[in-house]
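Asks: Mind having a look at this structure? Questions to follow.
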Amino acid sequence: MTQPDTLSLTFGALADPTRRAILARLLAGEASVAELAEPFAMTPRAISKHVSVLEAAGLVSRGRDAQRRPSRIRAEPLSEIDDWLTAYRRLWTQRFDNLDRRLARQTKGTPDAETQ
915 MTQPDTLSLT FGALADPTRR AILARLLAGE ASVAELAEPF AMTPRAISKH VSVLEAAGLV
975 SRGRDAQRRP SRIRAEPLSE IDDWLTAYRR LWTQRFDNLD RRLARQTKGT PDAETQ
């Protein structure tokens, strides 16, 4: 059985809004499952399952602090998404630059070759 690639695991983990909210909370610092469960109408056990999915995708690591197992965010998988988006970002930038040039020509009253 082949393992899914890390990008697919990351996107799969981020597909759920609860998991995205957990990551947003972890941006403020590490938290236990009980602390992560506070804003949700879910049991700590359900939140723990979400944290496990995030952990499997490499987005979260769990430590041990006495009786507490704090979760903390890991940025590496998010960096991989950013790398993947680079080509698309170039495309968007190019299209926005083209739009800027077109709007500038229209503002100056220069006829647009595409509309003639």
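So the number in the numbering used here is just where the residue sits in the sequence shown, counting from 1, plus 914.
Ideal Cβ positions, reconstructed from N, Cα and C, are used throughout, including at glycine.
State yes or no: is the C-beta of Leu923 within less than 9 angstroms of the C-beta of Leu937?
Replies: Result no, Cβ atoms of Leu923 and Leu937 do not sit closer than 9 angstroms.
Asks: Which class does Asp1011 belong to by DSSP, given the choice of helix, strand or coil?
Replies: In this structure, Asp1011 counts as helix in the three-state DSSP scheme.
Asks: Go through its chain and collect everything with a Cβ distance to Ala980's Cβ below 6 angstroms, but skip five positions before and after it.
Replies: For Ala980, where only same-chain residues beyond five positions count, there are no Cβ hits under 6 angstroms.
Asks: Where does Ser966 sit, in a helix, a strand or coil, going by DSSP?
Replies: Helix, per DSSP.
Asks: Taking only the alpha-carbon atoms, compute the straight-line gap between Pro984 and Asp996 and give it to the nearest angstrom.
Replies: Their Cα atoms are separated by approximately 26 angstroms.
Asks: Can you tell me the Cα-Cα spacing of Thr1021 and Leu1013, whole angstroms?
Replies: Roughly 12 angstroms separates the two Cα atoms.
Asks: Between the stretch 988-1005 and the stretch 966-978, are three or more C-beta pairs nearer than 8 angstroms?
Replies: Enough Cβ pairs lie closer than 8 angstroms, so yes.
Asks: Arg978 and Ser946: beta carbons closer than 9 angstroms?
Replies: Against a cut-off of 9 angstroms, the Cβ pair of Ser946 and Arg978 comes out as no contact.
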